[in-house]
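Visitor: Per this note's numbering, numbering through the sequence shown is continuous, rising by one, with the last residue being 558.
Take a look at this one; I'll ask things after.
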Amino acid sequence: MMLFLSGNVAERFQVWPLDGASHGIGRSSRNAIHVPDGTISKDHAEITRRGDRYFIRDLGSRNGTRVNGADALEPVEIKPGDRLEVGHVQMTVTDQEPTQRLRYNEASMVGTSFRVRVDQILDRQVKTGAGASQLVHLLAEAGRMLVLPRPLKETCDQILEFVEKAVPAARHILLLQQGSSDEPVQIAARSQGGRANQPLALSRSIMKTVLEDCTAVLTRDAASDPRFQGQHSIVTQSVHSAMAVPLFDNERVLGLIYVDSHEVGVSFDHEQLEVLTLLANMAAVKISNARLLEAEQASARMAQELATATQIQRGLLPPRPPKLEGWDLDVFLETCYEVGGDLYDFYVRPDGKLMFMLGDVTGKGMGAALLMSSFLASARVLYDTCQDPAELATRLGGIIFRTTDPIRFVTGFVGCLDPASGTLRYVNAGHPSPALVLDGTVRTLESTGVPFGIMPAFPYAAETVVIQPREVFALFSDGIPEAQRGEDLFDDRRLHELLLAGSPTASLDALRERVIEGVREFMGEEPRTDDITLVLIRRDAGKASKASGADETRLG
């Protein structure tokens with residue numbers, strides 16, 4: 003695992019990949035991590051790599067090296083998330099290349115700034131006169147341009163073009179709040195008419211005022227304000243006057259627009275603050291629309307991809323069970339979402355025996371669907387080479403263990419049915435117990451091993467049972483017995499009652515509908531949270547058993 007070191011040096015955000023065995027840190031340009039800062043010694047510290055571990059140690063520097071506040075006089079291991087202090091320069095360790103971050107100045111205060119609630123400005127009518135005419139023209143032009151559909155980034159760049167026309171300044175920056183992050187993200191910036199590629203140092207107190215209070219802020223002369231004197235960001239960038247206004251879309255604050263001036267004696271006024279606030283309000287509405295458009299387009303793409311995935315997944319499953327002389331077979335599968343993790347399969351071997359299976363992948367959605375497809379493909383490769391269900395189950399368990407992460411596994415039932423004798427050899431790998439129903443009695447085939455993928459080489463052993471004439475074999479996923487209404491589960495008892503009531507005379511189609519409708523009636527208006535799969539197999543009354551001495555299963 004490679005680590006990255008990042009930090010701000012001379013108001014520039016820099017990233018250093020730690021891709022070598024050794025990295026020197028210092029003011030001297032011969033160091034791999036060159037930090038031209040007055041608090042850094044020429045050869046300040048060294049980072050070394052030992053396998054996948056990284057260590058930093060101070061090289062006798064004047065201002066020291068610290069890891070999370072502790073001195074690194076001896077080699078100290080560094081990990082993602084650690085904070086380094088090299089002299090007075092702050093650095094961060096990450097395991098992914100970081101994106102450019104916004105810089106703040108903790109000590110800066112709003113000072114002698116002018117503050118006004120945005121709704122106060124928006125409620126005012128534009129004053130008459132030459133200035134008002136120019137403003138109306140600018141707002142009309144912005145309105146015409148901002149109604150056009152454009153991607154969010156392009157929209158933000160265009161917004162700053164209008165801001166630059168309305169309020170000439172040294173720098174303009176647009177920041178948006180993204181997700182649950184506490185820090186807004188720089189989306190667009192301009193510096194003296196060109197795009198700014200560096201992060202802009204801002205006062206955290208001004209930022210907080212704008213975002214939390216929905217308040218526009220005007221700092222008339224930051225350089226002469228005693229509360230700003232000595233602040234690194236203000237002094238280094240020679241900021242004399244600044245404004246920050248919220249991007250308020252009439253419902254919530256989306257971010258802010260910031261402008262500042264470096265010219266001595268030039269300061270922004272209240273009218274410019276009002277113009278900037280009005281433009282920011284228009285921009286915020288446009289940004290909200292752009293986000294809705296992008297979300298709608300993303301949703302449409304996702305819907306199309308899910309529809310394609312659903313079609314592909316359905317195509318992997320047999321459209322109908324095979325026809326076996328003397329047997330009736332029926333299958334039903336209904337996914338909870340567009341794609342699911344339930345699967346079934348049938349395969350008639352050259353010797354006439356029927357291999358069949360039903361599986362239920364842990365989890366939901368696309369991840370479960372991908373594992374379902376992989377599991378099904380692996381089984382189909384093994385059908386002809388693995389004559390016994392135990393061998394097939396063992397091979398499948400090993401494949402799933404090797405190819406998936408530890409939180410994924412598959413409960414499943416693998417069976418091999420001899421149609422002539424009615425003998426069924428099977429492995430139940432942690433799956434709900436199938437039921438054999440005949441003449442008011444229910445036999446269940448309990449679990450014989452752990453789910454597939456739990457252990458690298460579980461020794462599955464097959465059990466044997468004979469399906470009697472007129473007996474119905476019902477194999478199902480846990481979406482049926484674990485269907486839930488409030489705190490109540492559908493459970494095996496209700497399922498067995500439905501099977502007993504319909505199994506003697508009803509067709510398998512009718513029996514399947516009885517079970518599925520029974521589950522739906524039980525759930526009522528409750529939303530389904532799991533896939534439902536049901537396989538029904540019945541032996542005709544005319545087929546007498548040719549097996550003798552077969553092991554009987556436990557009664558359910």
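C-beta: ideal position from N, C-alpha, C; glycine also.
On the DSSP bridge assignment, give the partners of N430 in chain order.
Guide: Position 428 of the sequence shown, counted from the first residue, corresponds to residue 430. Its beta-bridge partners are F415.
Visitor: Does the distance from the C-beta atom of L261 to that of V165 stay below 8 Å?
Guide: In the sequence shown, counting from the first residue as 1, residue 261 sits at position 259. In the sequence shown, counting from the first residue as 1, residue 165 sits at position 163. Correcting the residue type first, residue 261 is Val in the shown sequence and not Leu. Yes, they are a contact pair.
Visitor: Determine the contact status of M245 and L278, defining contact as a CB-CB distance below 8 Å.
Guide: Looking up residue 245 in the sequence shown gives position 243. Looking up residue 278 in the sequence shown gives position 276. Taking 8 Å as the Cβ cut-off, M245 and L278 qualify as a contacting pair.
Visitor: Can you name the residues that DSSP bridges to Y349?
Guide: Residue mapping note: residue 349 aligns to position 347 of the sequence shown, counting from 1. Looking at the DSSP assignment, Y349 forms a beta bridge with M357.
Visitor: Just checking, does the stretch 437-449 make contact with the stretch 471-479 on the three C-beta pairs under 8 Å criterion?
Guide: yes
Visitor: Do R397 and G455 have their CB atoms nearer than 8 Å?
Guide: Here residue 397 is taken as the residue at index 395 of the sequence shown, counted from 1. Here residue 455 is taken as the residue at index 453 of the sequence shown, counted from 1. Cβ distance not < 8 Å, so R397 and G455 don't count as in contact.
Visitor: Can you tell me whether H272 is buried or exposed, with buried defined as 16 or more other CB within 10 angstroms of its CB?
Guide: Taking the first residue of the sequence shown as position 1, residue 272 is located at position 270. Burial call: exposed.
Visitor: Could I get the ranges of all uninterrupted beta strand (DSSP E) runs contained in the stretch 469-493, with 3 residues as the minimum, in chain order?
Guide: Complete beta strand (DSSP E) runs here, min 3: 474-478.
Visitor: Within 10 angstroms of the Cβ of G361, are there 16 or more other Cβ atoms? Answer buried if so, exposed if not.
Guide: Locating residue 361 in the sequence shown gives position 359, counting from the first residue. The residue in question, G361, is buried, as its Cβ has 16 or more Cβ neighbours within 10 Å.
Visitor: Report all residues from its chain with a CB closer than 7 Å to the CB of D21; omit the five preceding and five following residues, and keep chain order.
Guide: Taking the sequence shown and counting its residues from 1, the one referred to as residue 21 is at position 19. Taken in chain order, the residues that qualify are M4.
Visitor: Could you pull the start and end residues of the beta strand (DSSP E) that L378 belongs to?
Guide: The residue given as residue 378 occupies position 376 in the sequence shown. In the DSSP assignment, L378 falls outside any beta strand (DSSP E) and lies within the alpha helix (DSSP H) extending over G367 to L384.
Visitor: Using the Cβ count rule (16 or more neighbours within 10 Å means buried), how would you classify L538?
Guide: The residue given as residue 538 occupies position 536 in the sequence shown. Sixteen is the threshold: when 16 or more other Cβ atoms of the shown chains lie within 10 Å of the Cβ of L538, as they do, the residue is buried.
Visitor: DSSP beta-bridge partners for A72?
Guide: Here residue 72 is taken as the residue at index 70 of the sequence shown, counted from 1. BP columns for A72 point to V69.
Visitor: How is the beta strand (DSSP E) around P248 delimited, first residue to last?
Guide: Position 246 of the sequence shown, counted from the start, is the residue given in the question as residue 248. From DSSP, the beta strand (DSSP E) with P248 extends over S243 to F250.
Visitor: By how many angstroms is the C-alpha of I49 removed from the C-alpha of F415?
Guide: Position 413 of the sequence shown, counted from the start, is the residue given in the question as residue 415. Position 47 of the sequence shown, counted from the start, is the residue given in the question as residue 49. Cα to Cα, F415 sits roughly 54 Å from I49.
Visitor: Would you kindly check if the distance between the Cβ of E76 and the Cβ of R64 is under 8 Å?
Guide: As a first step, residue 64 must be located in the sequence shown, where it is residue number 62. As a first step, residue 76 must be located in the sequence shown, where it is residue number 74. Taking 8 Å as the cut-off, the beta carbon of R64 is found no closer than this to the beta carbon of E76.
Visitor: If F348 and L335 are in contact, beta carbons under 8 Å, what's the gap, nearest whole angstrom?
Guide: The count along the sequence shown starts at 1 and reaches residue 348 at position 346. The count along the sequence shown starts at 1 and reaches residue 335 at position 333. Wrong, their Cβ atoms sit about 13 Å apart, outside the cutoff.
Visitor: With 16 other CB atoms within 10 Å as the buried threshold, where does Q315 fall?
Guide: Sequence index remark: in the sequence shown, residue 315 carries index 313 (1-based). Classification of Q315: buried, given that the 10 Å Cβ count is 16 or more.
Visitor: Pull up the distance between the alpha-carbon of G53 and that of S24, whole angstroms please.
Guide: In the sequence shown, residue 53 corresponds to position 51, counting from 1. In the sequence shown, residue 24 corresponds to position 22, counting from 1. Rounded to whole angstroms, G53 to S24 spans 12 Å at the Cα level.
Visitor: By how many angstroms is the C-alpha of T96 removed from the C-alpha of K129?
Guide: Residue mapping note: residue 129 aligns to position 127 of the sequence shown, counting from 1. Residue mapping note: residue 96 aligns to position 94 of the sequence shown, counting from 1. Low confidence applies here, because K129 scores a pLDDT of 43, under 50, leaving its location unreliable; read the following figure in that light. Between K129 and T96, the C-alpha separation is close to 53 Å.
Visitor: Among the candidates A431, A508 and G442, whose CA atom is the shortest distance from the CA of S449?
Guide: For the purposes of this step, residue 449 is taken as residue 447 along the sequence shown, with counting starting at 1. The shortest Cα separation from S449 among A431, A508 and G442 belongs to A431.
Visitor: To the nearest angstrom, how far is the alpha carbon of G488 from that of I80?
Guide: The residue given as residue 488 occupies position 486 in the sequence shown. The residue given as residue 80 occupies position 78 in the sequence shown. Rounded to the nearest angstrom, the two C-alpha atoms are 49 Å apart.
Visitor: Got a sec: does the ligand MN put a non-hydrogen atom nearer than 7 Å to the Cβ of L177?
Guide: Among the components of this structure there are no ligands whatsoever, and the ligand MN is therefore not found.
Visitor: Which of the three DSSP states, helix, strand or coil, is assigned to I539?
Guide: Looking up residue 539 in the sequence shown gives position 537. Strand.
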